[in-house]
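J.: Chains as they are written, first to last, in this note's numbering: chain X, 4 to 289; chain D, 4 to 289; chain C, 19 to 225; chain Z, 549 to 790.
Provided herewith is a single structure, encoded as C-alpha cells, for subsequent inquiry.
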Amino acid sequence: MNYSELFRFTDVNYRYPDDSRGLINCSLSIKRGSRTAVMGVNGAGKTTLLQMLNGILRPDSGVVVFAGQPLDYSRTSLRSLRSKVGFLFQNPDSQLLSASVREDVSFGPINLGLGAEEVNSRVGYALQTVGMAEYANRPVHALSYGQKKRVCIAGLLAMQPEVLVLDEPMAGLDQPMQAELEAILDTLHQQGMSIILASHDGDFIYRWSDHILLIADGNCRGNQETGRLSSSLDALAALGLGTPAVLKLYHALLEHQLIASTCPIPRSIDDLVTSIRQQSAGMRSI
Amino acid sequence: MNYSELFRFTDVNYRYPDDSRGLINCSLSIKRGSRTAVMGVNGAGKTTLLQMLNGILRPDSGVVVFAGQPLDYSRTSLRSLRSKVGFLFQNPDSQLLSASVREDVSFGPINLGLGAEEVNSRVGYALQTVGMAEYANRPVHALSYGQKKRVCIAGLLAMQPEVLVLDEPMAGLDQPMQAELEAILDTLHQQGMSIILASHDGDFIYRWSDHILLIADGNCRGNQETGRLSSSLDALAALGLGTPAVLKLYHALLEHQLIASTCPIPRSIDDLVTSIRQQSAGMRSI
Amino acid sequence: MHIMEGFLPVKHAVAWSAASAPFVAYGIYSIKKRVAEHPEQRMLLGVATAFTFVLSALKIPSVTGSCSHPTGTGFGALLFGPAAMAPLGAIVLLFQAILLAHGGLTTLGANIFSMAIVGPFAAYGVFRLAQAIKLPFGLSIFLAAALGDLLTYVTTSVQLALAFPDPVGGFAASFAKFASIFALTQIPLAASEGFLTVLVFNALARY
Amino acid sequence: MLIDQNAYTNRWRQVNPAAKAVFGICGICAAFLAGQTWLAGTLALIIALITIVGAGIPVSQYLRAIAPALFFLGISAMTLLVSFDGSGITFTGVGHNQAMQLCGRATASITALLFLALTTPMSEIIALLRKLKLPDLMLDIAVIGYRMLFVLLATVRQIQTAQAARLGYDGPRHAFRSLGQMIAAVTLQVWQRATALDLAAETRCSNGTLHFITPVYADTGRDLTVALLGGTCMIILTLLVP
C-alpha cells in the first residue's frame with residue numbers, strides 16, 4: 004500500500020471550457036510524506052494543478068496516477084480518490100454551508116456513509132486537532148476568517164485523508180493566524196500526512212516546504228528540493244517570482260564576508276538571526 | 004482650504020447593531036498628504052475606523068472632523084465628504100456596479116453632476132492612471148482579481164478625491180500585482196493625494212507608510228511616524244503583530260556589530276541589502 | 019421549457035404580450051413603491067434577478083434519474099412576492115433570450131405569461147391556500163413549488179395548442195399532445211423542484 | 549458564456565448598438581413575412597453568413613450557440629407532424645405544411661436574434677433600452693442583475709466544486725441535500741451582496757438611479773444607414789416573393 008510516489012502526472016493537458024489555458028504537457032511527481040509547495044504567479048496554473056489532484060478537473064489528455072493507480076474518473080475511482088485526498092479551497096465561505104460548525108464538519112463523513120457514532124467521534128477529533136473543539140456548536144457565520152479556515156480543515160480531517168491539498172491557505176490571514184495554521188500543518192505532517200499547497204508567498208514557501216514545484220504559464224517546471232532553491236534564483240526571477248527575502252540578505256552578507264561561508268543556508272529570517280547570534284557566540288568563545 | 008490636519012477623531016465610540024465592538028474612545032489625528040497605515044490583527048477594528056472616514060459608519064458618540072469641519076451626517080455633508088474621500092472596499096465584486104468597465108468608472112463622476120465631456124475625459128484619465136486604459140471596453144467578469152481592484156480605484160479617481168481610503172488593498176494579490184498597486188499608490192501620493200489604508204502585513208506597512216496608526220480590540224493606540232517604529236517593537240508584539248522581518252535582522256546585525264551603528268534604519272530587506280553593499284564599498288574605498 | 023424565438027405566429031405573440039403587459043406594469047408599480055420606501059431594495063431586486071437566472075441554469079437530479087433545470091419561480095414568489103416576479107422574470111427571460119438564445123424576443127410575452135405570471139401566482143396562491151387549511155409548512159412549500167412548476171408547463175402547452183391546433187382533433191387534441199410531451203414529463207421534475215425547495219427552506223430555517 | 553464572450557470580441561463591437569438592433573429587428577420582421585419555407589431558409593442563411601463573415605464569429609461557436617434552439621425546434625416540429633384522431637397516430641399533410649413553415653420562420657428569426665446577441669454586449673443593450681425610455685428601475689435591476697449573475701454563477705460553481713470534493717454529489721440523495729444547502733447559502737448571500745452593493749453605491753455619491761456614461765460611437769450615421777438599408781432590403785425581398 005505504501006507507494007513512495009504519491010502522484011505522477013504524465014503529459015497532462017487541460018484547457019478550460021472558455022478556452023483559457025490550464026496546463027500544458029505537464030509531467031511531475033510528488034512524493035508521499037512530503038511538504039510540497041506549488042509556486043507561481045496568479046494565473047500560472049497553480050489551482051488547475053491542485054484541482055487535478057482531487058479529480059475536480061479531468062485532463063484533456065495525459066495521465067494522473069495516484070498511489071500507483073491511474074485515475075479513470077469513474078464514480079468509484081473518484082470516490083476512493085476524494086476520500087483519501089482532502090482539498091482546502093481558498094475561500095472558506097464557499098466551503099462552509101451548514102448552520103453549525105459540528106454539522107459542517109460532519110458533511111464529509113456522512114457522505115462516506117459512516118454511522119452516527121463514528122461520525123461523531125471523527126468530528127470531535129478533527130475539531131480538536133485544529134483547536135476548534137469549543138466552537139462545535141457555534142454558528143459558522145459568527146467565526147472569524149481564520150477560524151473558518153480551521154473549520155474547513157477539520158471538515159477534511161474528519162474524512163481521515165492521507166493527503167491534504169491546500170489552495171493558498173495563507174491568503175487573507177494575519178500574522179498570528181498564519182503562525183497557528185502553520186503549526187497545524189506541522190502537526191499533521193508529523194502524523195504522516197502528505198501536504199501539497201499552492202502559494203504565491205515565496206518567503207512562506209521557502210521557509211515551510213521541502214519540495215517546490217515551479218509553474219509558469221501552464222508549464223510545470225519540475226520538482227526540486229527546497230534546499231536547492233538558492234542555486235536557481237535566476238529561474239525564479241524569470242518566472243516573475245521574487246527571491247525569498249532571506250536569500251537576498253544571506254547572499255549580501257556572504258558576499259561581503261559578514262557571515263562565514265560555513266553558515267548553513269537559512270530558510271527564514273529567524274534562521275538567519277539565529278545563525279548570526281551563534282556565529283558571534285562562537286567567535287567570542289574562541 | 005489647505006488644513007494640515009485631514010482627520011481628527013475625538014473620543015469616538017462605535018458598536019455594531021449586533022452589539023459587537025467597533026471602536027472604543029478612539030482619538031486620533033491624520034495628516035494631510037500623509038501615507039497612513041492602520042495596523043492591527045483581523046478583528047481589531049481597522050475596517051470600522053476606515054469606514055468612519057467616509058461616513059459609512061456614524062459614531063455612537065464622539066466627533067469626527069474632516070478638514071476642520073465636524074461631520075454632521077446630513078445628506079449634503081456626506082455628499083461633500085464622499086466626493087473628497089474615495090473608499091476602496093476589500094472585495095471588488097461588491098464595489099463594481101456595472102459589467103462594463105467604462106460604465107462603472109463613470110458612475111461617480113455622473114453622480115457628481117458633471118457633463119458628458121468632462122466625465123469622458125475623467126474616465127479616460129482614471130483608467131490610464133491605473134494602467135487599465137486598454138480594458139475600457141472589456142466586461143468586468145473577464146478581468147482578474149487584481150484588474151478588478153484597479154478598476155475600482157479608477158472609479159474612485161474619476162471623482163478626483165483628495166483622500167484615498169483603502170481597506171486591505173493588498174489582500175488576495177500576488178507579488179507582481181502587489182508591486183503594481185504599490186506603484187500606483189506611489190504615483191497618487193506624489194500627485195499630492197493623502198492615502199490611508201488598513202493592512203495586517205507588517206512588512207508592507209513598514210516599507211510603505213510614513214505614519215502608522217496601531218489599533219487593538221477597538222482601541223486606537225495613537226499615531227506615530229513609521230521611522231520611529233523600531234523603538235516600539237514591544238508594543239507591536241503586545242498587539243499580536245510580529246516585528247517586521249527587516250527590523251529583526253537589522254537589530255541582530257547591529258547587536259553583533261556586523262553593520263555600523265550609523266547605518267540608517269532600513270525600511271525593507273532591499274534597503275538593508277543596499278546598506279550592506281554601501282558599507283562594504285565604503286570600507287574598501289578607505 | 020421556453021418557447022423559442024419565431025415559434026408563435028404574429029397574432030399569438032402580440033396577444034400574449036398584451037396579456038402580460040398589465041402584470042408587468044403592476045409589478046413595476048409595486049416594486050417602485052417598495053424602492054421608494056426602502057431604497058436599498060433596488061440592489062436587492064437586482065441581485066435577486068441574477069440569482070433567479072443562476073437557479074434556472076442549475077441541474078437538479080430528478081426522481082426518475084434524468085436531469086432538469088428548476089424554474090425557480092415558485093421559490094422567488096415565496097421570497098419576493100408574486101407581483102415582483104413579473105418584472106424580475108421579464109428581465110431574466112430577456113437575459114436568457116440574449117445570453118443563451120433560450121426563448122426569444124417575439125415569444126417574450128408568452129414566456130413571461132407562463133413563467134413569470136402563472137408560475138409565481140400559482141405557487142403563491144397554493145402556498146397561501148395550503149397554509150389557510152393548516153397543512154404543515156413543509157408540505158405547503160412542496161405543493162407551492164411543485165404546482166407552480168407544473169402549471170407553468172401546462173400554460174406553455176395551452177399556448178402551443180392555441181397556436182397550433184391539431185388539424186384533426188383541434189385545440190383539445192393538440193393540447194393533449196403538447197401536454198403529454200411537456201407537462202407530463204414535467205411531473206417528476208416538478209416533484210424534484212418541490213422537494214428541493216423544501217430542502218432549501220429547511221436549510222434557511224436553521225440559520 | 550459563449551454568446552456573451554463573442555459580444556465583446558466580435559469585429560462589430562464598436563458599431564452603434566442601435567444600428568445592430570435595427571438590423572436584427574428587421575431580420576425578425578422579414579422572418580415573419582417570408583411566406584415560403586425556402587425563402588425563410590435563404591433569409592436565415594444570409595443572416596447567419598452576415599454574422600459569421602461580417603462580425604467574425606467563428607463557425608464552430610456559431611453552431612454551438614444555435615444548436616440548442618434548433619434541437620428544440622426539431623422536437624416541436626415532429627409534434628406538429630403527428631396527429632391524434634382517437635384511433636391512433638397519423639401523419640397529416642396539413643401538419644406537414646405547418647411544420648415546414650414554422651421551421652423556416654423560427655430558424656430565420658433565431659438567426660436574427662443571434663445577430664444582435666453575438667455582436668452586442670448586454671450593457672449596451674440596456675443602455676439602448678434606457679434611451680428608449682424604459683422605466684429606470686427596471687433597467688437598474690437589469691444592470692445589477694447582469695453584473696451579479698457572473699458573480700453568483702462563480703460562487704455557485706465554487707460551492708458545488710467544494711461539495712463535490714467532499715463527496716457531496718455522490719448519488720442523488722446526497723446531491724439533493726448538497727443542492728438544498730448550496731441554494732440556501734447563496735440565498736443568504738443575495739441579501740449580503742445587495743447590502744454591500746448599496747453601500748458601495750452610496751460611497752460613490754449615488755443619487756438613486758444607476759446612470760452611466762454612454763460610449764461615443766464613431767460612424768453612427770453610416771452604420772444606421774447601412775443597417776436600415778440592409779434591413780429594408782430583407783423585408784422588401786420577402787414581400788416581393790409571392
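C-beta: ideal position from N, C-alpha, C; glycine also.
Keep in mind that this is a model prediction, so the values were computed, not measured.
1) I'd like to check one pair, F620/Z with M22/C: are the Cβ atoms closer than 8 Å?
2) Just to confirm, is the Cβ distance from L115/D to M162/D under 8 Å?
3) Answer with buried or exposed for H20/C, where buried requires no fewer than 16 other C-beta atoms within 10 angstroms of its C-beta.
4) Any idea what DSSP makes of D14/D, helix, strand or coil?
5) Just tell me which of G99/C, F131/C and F219/C has its CA closest to the CA of L178/C.
6) Leaving out five residues before and five after S109/X in sequence, what residues of the same chain have Cβ atoms less than 6 Å from its Cβ?
7) List the residues that DSSP assigns as beta-bridge partners of V67/D.
8) Give me the chain C residues within the contact set of A1/X, using Cβ-Cβ distance strictly less than 8 Å, ordered along the chain.
9) For A174/D, collect the residues of the same chain with a Cβ closer than 7 Å to its Cβ; drop the 5 residues on either side in sequence, then sort them by chain order.
10) What does a CB cutoff of less than 7 Å around A164/C pick up in its chain, not counting 5 residues either side in sequence?
11) Looking only at C-alpha atoms, which of D767/Z, I594/Z and T709/Z sits nearest to Q98/X?
12) For C223/D, list the residues DSSP reports as bridge partners.
13) Under a CB-based cut-off of 8 Å, is M135/X close to chain Z?
14) Cβ of S97/X less than 8 Å from any chain Z Cβ?
15) What residues in its chain sit with their C-beta under 6 Å from that of A104/C, if we drop five residues either side in the sequence?
16) Can the beta-carbon of G225/X be found less than 8 Å from the beta-carbon of L217/X?
17) Of all the beta strand (DSSP E) runs that stay within the bounds of the stretch 21-59 of chain X, which reach a length of 3 or more residues?
18) How big is the Cα-Cα spacing for Q609/Z and I116/C?
19) If I'm right that S37/D touches T13/D with Cβ under 8 Å, what's the distance once you round it to whole angstroms?
20) If you measure beta-carbon to beta-carbon, which residues of the stretch 159-192 of chain X are closer than 9 Å to chain D?
21) Please classify K152/D as buried or exposed, where buried requires at least 16 other C-beta atoms within 10 Å of its C-beta.
22) Return helix, strand or coil for L91/D, following the three-state DSSP convention.
23) Which partner residues of I199/X appear in the DSSP bridge assignment?
24) Just curious, the alpha helix (DSSP H) that F69/C is in, first and last residue?
25) Have a look at R653/Z, V630/Z and A654/Z and flag the residue whose alpha-carbon is nearest the alpha-carbon of V644/Z.
26) What is the rounded straight-line gap between the Cα of H254/X and the Cα of S271/X?
27) For the alpha helix (DSSP H) that S103/X lies in, which residues bound it at each end?
28) Strictly under 8 Å for the Cβ-Cβ distance: is M4/X near chain Z by that measure?
29) So, helix, strand or coil for I268/D, using DSSP?
30) Measuring CA to CA, which of G118/D, G25/D, S32/D and L257/D is closest to E228/D?
31) Quick check on I279/D: buried or exposed, where buried means 16 or more other Cβ atoms within 10 Å of its Cβ?
32) To which residues of the same chain is G716/Z closer than 7 Å at the C-beta, ignoring the five residues directly before and after it?
33) Indicate the three-state DSSP secondary structure (helix, strand or coil) for T757/Z in the structure shown.
34) Determine the closest residue to R35/X out of A136/X, Q194/X and L159/X, with distance taken between C-alpha atoms.
35) Anything in chain Z within Cβ reach of K50/C, meaning under 9 Å, just list it in chain order.
36) Please report the straight-line C-alpha distance between L159/X and V133/X, rounded to a whole angstrom.
T.: Taking the definition as stated:
1) Using a Cβ distance threshold of 8 Å, M22/C and F620/Z count as a contacting pair.
2) The answer is yes: Cβ separation under 8 Å.
3) The residue is buried, with at least 16 neighbouring Cβ atoms inside 10 Å.
4) strand
5) Nearest option by C-alpha distance: F131/C.
6) V122 and V126
7) F12/D
8) Since the first residue shown for chain X is 4 and the last is 289, residue 1/X is missing from the structure and cannot be characterised.
9) Within the same chain, A174/D has close Cβ partners Q93.
10) So the list reads A208, A209, E211 and G212, once near-sequence residues are dropped.
11) T709/Z
12) I218/D, per the DSSP bridge assignment.
13) no
14) Cβ-Cβ to chain Z under 8 Å: yes for S97/X.
15) F41, V42, G45, A134 and I135
16) Yes.
17) As far as the stretch 21-59 of chain X is concerned, its whole beta strand (DSSP E) runs of at least 3 residues are 24-34 and 38-42.
18) 15 Å
19) Going by Cβ atoms, the distance from S37/D to T13/D rounds to 19 Å, so no, they are not a contact pair.
20) E171, A174, G175, L176, D177, Q178, P179, M180 and A182
21) buried
22) strand
23) In the DSSP output, where bridge partners are listed per residue, I199/X has T39/X and V168/X.
24) Q59 to S74
25) According to the sequence provided, residue 644/Z is His. The question's Val does not apply to it. Checking every option, the nearest Cα to that of H644/Z belongs to V630/Z.
26) Each residue's alpha carbon lies about 13 Å from the other.
27) Element bounds for S103/X: n/a, residue is neither H nor E.
28) Note that M4/X scores 42 on pLDDT, short of 50, meaning its location in the model is unreliable; the coordinates nonetheless yield the value given after this. Chain Z, which has no Cβ nearer than 8 Å to the Cβ of M4/X, makes this no.
29) Secondary structure of I268/D (DSSP, three-state): coil.
30) S32/D
31) buried
32) The answer, listed in chain order, is H722 and S726.
33) In the structure shown, T757/Z sits in a strand (DSSP, three-state: E or B).
34) Considering only alpha carbons, the answer is Q194/X.
35) P683 and L685
36) 11 Å
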